[in-house]
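S.K.: Please read through the structure below; I'll follow up with questions.
Here it is as structure tokens:
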């Protein structure tokens, strides 16, 4: 399973993109198949083309990565309380990257002054991808506080997703934000200062529960803009292009004094700024160029052109490649504007990006990265990944699912969404005129490919088959006709005869009325001793299974064992490697009493019948779910603290627990999914949302596919 390293900055100006790309370079040096993924585009000021990180990685490597989700769509989904749908899209794009990579470097959003949603989205992406988080920051007074705040966003009851920190721009002059600073721009990295800051930060982080991966020294040359970038930023006229795309600006000087007093400024990589009528300074600059000084360029101000004879005199110097630009503003206005020029590398400056990637890779802890990539992680199925997986599997199954409550508004909307997302072929039982009327009132139009069947038009043909199925129970034609008035019975007969592949109902009916026809007309499968149910509980960090919360009031030990085995097999069918906890009011051998003895006996039966399953019990819920509690109460258990299938001792406990978790923690629960029937029938809560119905239809389609 691919590792996902999510890189998140502690604030603006940390160089997140550069560090992300540098990490890709470091992994490549280690021989690790690395992928890169930017889930949500975050365009900078002046960006007009593709998202820059994606564009850069594709140019700098052979990595192909999907185009990210637009920020507009992401914020629109958040505003509509559709974070789950957004994360499904994130998962879908991530899977494209992960299919050909051992490690995927994921670049998060930067929490700048215009992105208050960034922390929320980064945390959601971390959970959805089960990503290990690396914080990227720059040395500043409040860095440690920023790291603690950011780290808190990625914690969970079962430990932290935060694995390390990287400090970038260690030892810069000022705050390192401006690309150009007159008279003060640092030309090279101050190694002693970098080492000092690095040592201080290392000492501060010694007690942190994450690794200090590296300190990246500030190097001004790595953000030195090309003269073409300066021209674009200022909107300058190009009088002489020369080596406009090759020469870089590491320093700028405003030449307001006499020539004699400006002789000290003619240094390599310096941009000279002065009014266009200062012929004396212009000639001096050209003489410097003729003497072999590689000036970055000349920037003339005031919209003043040098005298034509001066230009002719200096032609040979200009032919050395010296760029000459012209702007309207004054020299000091222009210099002030340049001092605010963003320090981000231009998206087409591939040479500088390549140097920056090497620079970052050179300062990362390679041995730690090698060891981290080699760790065999226990996969955790996030809610977003689970829902995405459901939709994909259901779409591939392409099964026919009958919806007896075909005139119910939520059911109609769910059928519409299932059709649009290719989840299943939904068959609505209801009067066509009424169904279309309800659909219209919700602002949707049902496609002709969505089947609508009037129950009155088909009811008679199921009387004889129903009598044949239930004749041994005294079924007559008249009784069958009466019972077929109920659309759930009619839909169940369609399923029994193989005309559909599954049934979903319960939005208007009790569980008993929904499942009773299935018990009578479908029956229990040969592999099961009883019919039971499970819920897929989409907790914030993972999906777990609860059973039985809907069917069996007080199962005995053998029945409880059967429920556990069915639930474990269902969990595996839907992508979870089952670790089964048999829940009770005590843990291990400490408790006594009939209830705990039943759970203890059921655990032994499961182990005897299915030695391949990882199961333990009795376990209290906290011992089963929380790592720290599990280690304390059951230190030898391979399930305690890591359980993802929770089997409750009776219906009272199971139903109460599932509803308490669902409502109090605002957890999405998918189900109940019935298990043990010959053909899939699934019940809905009468408070089910459209989303609940859609996912239950998907579950049913997958059950039908797997038989």
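Numbering (my numbering), first residue to last: -18 to 688.
From the three backbone atoms N, C-alpha and C, an ideal C-beta is built for every residue, glycine too.
No experiment lies behind these values; they were computed from the predicted model shown.
1. Specify, as a first and last residue, the run of the alpha helix (DSSP H) that residue 577 falls within.
2. Could you check how far apart the C-beta atoms of residue 98 and residue -8 are, in whole angstroms? I think they sit under 8 Å.
3. With distances taken Cα to Cα, identify the nearest neighbour of residue 82 among 53, 67, 362, 9.
4. Starting from the C-beta of residue 262, find all residues in its chain whose C-beta is less than 8 Å away, skip the five residues before and the five after it, and write them out in chain order.
5. What residue from 233, 222, 410 has the CA that sits closest to residue 300's CA?
6. In whole angstroms, give me the CA-to-CA distance for residue 168 and residue 333.
7. Under three-state DSSP, which class holds residue 156?
8. Return the first residue and the last residue of the beta strand (DSSP E) that residue 149 is part of.
9. Output the boundary residues of the alpha helix (DSSP H) element that contains residue 469.
10. What distance in whole Å lies between the Cβ atoms of residue 615 and residue 681, which are believed to be in contact at a cut-off of 8 Å?
11. Assuming the contact rule is C-beta atoms closer than 8 Å, residue 457 and residue 498 should be a hit. Round their C-beta distance to whole Å, please.
12. What ranges does the alpha helix (DSSP H) occupy inside the segment 628 to 686, keeping only unbroken runs of at least 4 residues that lie completely in it?
13. If you scan the segment 369 to 412 from start to end, which runs of the beta strand (DSSP E) of 3 or more residues do you find wholly inside it?
14. Answer with buried or exposed for residue 156, where buried requires no fewer than 16 other C-beta atoms within 10 angstroms of its C-beta.
15. Since residue 428 and residue 400 are thought to touch, with beta carbons under 8 Å apart, how far apart are those beta carbons, to the nearest angstrom?
16. Do you know how far the Cα of residue 48 is from the Cα of residue 245?
17. Relative to the C-alpha of residue 585, which residue among 492, 545, 324 is closest?
18. Alpha helix (DSSP H) containing residue 218: first to last residue?
19. If contacts are defined as beta-carbon pairs under 8 Å, then residue 611 and residue 622 qualify, I think. What distance do you get, rounded to the angstrom?
20. Leaving out five residues before and five after residue 259 in sequence, what residues of the same chain have Cβ atoms less than 8 Å from its Cβ?
21. Quick one, which of 595, 379, 589, 625 has its alpha-carbon nearest residue 605's?
22. Go ahead and pull the three-state DSSP assignment for residue 203.
23. Could you name each continuous beta strand (DSSP E) segment of 3 residues or more that falls completely within the segment 438 to 523, going from the start of the chain to the end?
24. By how many angstroms is the C-alpha of residue 271 removed from the C-alpha of residue 341?
25. CA-CA distance, residue 487 and residue 118?
26. In terms of residues, what are the limits of the beta strand (DSSP E) holding residue 597?
27. What number of angstroms, rounded off, separates the C-alpha of residue 331 from the C-alpha of residue 36?
28. Here's a check: name, in chain order, each residue in its chain whose Cβ is nearer than 7 Å to the Cβ of residue 481, leaving out the five neighbours to either side.
29. Is residue 61 near the ligand ZN, with its Cβ less than 7 Å from a heavy atom?
30. For residue 192, name the three-state secondary structure that DSSP assigns.
31. Mind checking who residue 560 pairs with in its DSSP beta bridge?
32. Taking the C-alpha atoms as reference points, what is the distance between residue 592 and residue 461?
33. Would you mind reading off the limits of the alpha helix (DSSP H) that contains residue 289?
34. Identify every residue that forms a DSSP beta bridge with residue 310.
35. Taking the straight line between their C-alpha atoms, what separation do you get for residue 528 and residue 191?
M.R.: By the coordinates alone:
1. Here residue 577 is taken as the residue at index 596 of the chain shown, counted from 1. From DSSP, the alpha helix (DSSP H) with residue 577 extends over 575 to 590.
2. Working through the chain shown from its first residue, we reach residue 98 at position 117. Working through the chain shown from its first residue, we reach residue -8 at position 11. No, residue 98 and residue -8 are not in contact; Cβ-Cβ is about 15 Å, not under 8 Å.
3. Walking along the chain shown from the start, residue 82 turns up at place 101. Looking at the Cα atoms, 9 is the closest of the given residues.
4. The residue given as residue 262 occupies position 281 in the chain shown. Contacts found: 236, 240, 243, 253, 255.
5. In the chain shown, the residue the question calls residue 300 occupies position 319. Out of 233, 222, 410, 222 has the C-alpha closest to the C-alpha of residue 300.
6. Taking the chain shown and counting its residues from 1, one reaches residue 168 at position 187. Taking the chain shown and counting its residues from 1, one reaches residue 333 at position 352. With a pLDDT of only 35 at residue 168, under 50, the local geometry of the prediction cannot be trusted, and no value is derived from it.
7. If you number the chain shown from 1, residue 156 lands on position 175. Its pLDDT being 43, under 50, residue 156 is placed unreliably in this model, and the value from its coordinates should be taken loosely. Note: residue 156 maps to coil in three-state DSSP.
8. Along the chain shown, read from residue 1 onward, the residue named residue 149 stands at position 168. Element bounds for residue 149: 143 to 151.
9. Your numbering for residue 469 matches position 488 in the chain shown. First-last of the alpha helix (DSSP H) with residue 469: 468 to 477.
10. Here residue 681 refers to the residue found at position 700 when the chain shown is read from its first residue. Here residue 615 refers to the residue found at position 634 when the chain shown is read from its first residue. Between residue 615 and residue 681 the Cβ distance is about 36 Å, and since that is not below 8 Å, they are no contact.
11. Taking the first residue of the chain shown as position 1, residue 457 is located at position 476. Taking the first residue of the chain shown as position 1, residue 498 is located at position 517. 17 Å between Cβ atoms; not a contact.
12. 632 to 645
13. 381 to 384, 406 to 410
14. Reading the chain shown from its first residue, position 175 is the one you call residue 156. In this prediction, residue 156 has a pLDDT of 43, which is less than 50 and means its spatial position is unreliable; nothing more can be read from the coordinates.
15. Numbered from 1 along the chain shown, position 447 holds the residue referred to as residue 428. Numbered from 1 along the chain shown, position 419 holds the residue referred to as residue 400. Right, their Cβ atoms sit about 6 Å apart.
16. Sequence index remark: in the chain shown, residue 245 carries index 264 (1-based). Sequence index remark: in the chain shown, residue 48 carries index 67 (1-based). C-alpha separation (whole angstroms): 49 Å.
17. In the chain shown, the residue the question calls residue 585 occupies position 604. Residue 545 is the option with its Cα nearest to residue 585.
18. Here residue 218 refers to the residue found at position 237 of the chain shown. Not the alpha helix (DSSP H): residue 218 falls in the beta strand (DSSP E), residues 218 to 221.
19. Numbered from 1 along the chain shown, position 630 holds the residue referred to as residue 611. Numbered from 1 along the chain shown, position 641 holds the residue referred to as residue 622. Going by Cβ atoms, the distance from residue 611 to residue 622 rounds to 3 Å, so yes, they are a contact pair.
20. The residue you call residue 259 lines up with position 278 of the chain shown. Excluding positions up to five away in sequence, the list reads 236.
21. Residue 605 sits at position 624 when you count from the first residue of the chain shown. Selected option, being the one with the closest Cα: 625.
22. Locating residue 203 in the chain shown gives position 222, where the first residue counts as 1. The answer is helix: DSSP assigns residue 203 an H, G or I state.
23. 483 to 486, 513 to 519
24. Taking the chain shown and counting its residues from 1, the one referred to as residue 341 is at position 360. Taking the chain shown and counting its residues from 1, the one referred to as residue 271 is at position 290. Taking the straight line from one Cα to the other gives about 37 Å.
25. Looking up residue 487 in the chain shown gives position 506. Looking up residue 118 in the chain shown gives position 137. If I take the Cα positions, the gap works out to 52 Å.
26. Your numbering for residue 597 matches position 616 in the chain shown. Element bounds for residue 597: 595 to 600.
27. What you label residue 331 is simply residue 350 of the chain shown in a count that begins at 1. What you label residue 36 is simply residue 55 of the chain shown in a count that begins at 1. So the two alpha carbons sit approximately 10 Å from each other.
28. Translated into the one-based positions of the chain shown, residue 481 becomes position 500. Hits under 7 Å: 381, 382, 383, 408, 475.
29. As for the ligand ZN, it is missing from this structure, which has no ligand bound.
30. In the chain shown, the residue the question calls residue 192 occupies position 211. Residue state, collapsed to three classes: strand.
31. To locate residue 560, count along the chain shown from 1; it is residue 579. Answer is 595.
32. Position 611 of the chain shown, counted from the first residue, corresponds to residue 592. Position 480 of the chain shown, counted from the first residue, corresponds to residue 461. Rounded to the nearest angstrom, the two C-alpha atoms are 45 Å apart.
33. The residue given as residue 289 occupies position 308 in the chain shown. Counting along the chain, the alpha helix (DSSP H) containing residue 289 begins and ends at 289 to 294.
34. Here residue 310 refers to the residue found at position 329 of the chain shown. Answer is none; residue 310 lacks a bridge partner.
35. Residue numbering aside, residue 528 sits at position 547 when the chain shown is read from its first letter. Residue numbering aside, residue 191 sits at position 210 when the chain shown is read from its first letter. The alpha-carbon atoms of residue 528 and residue 191 are separated by roughly 37 Å.
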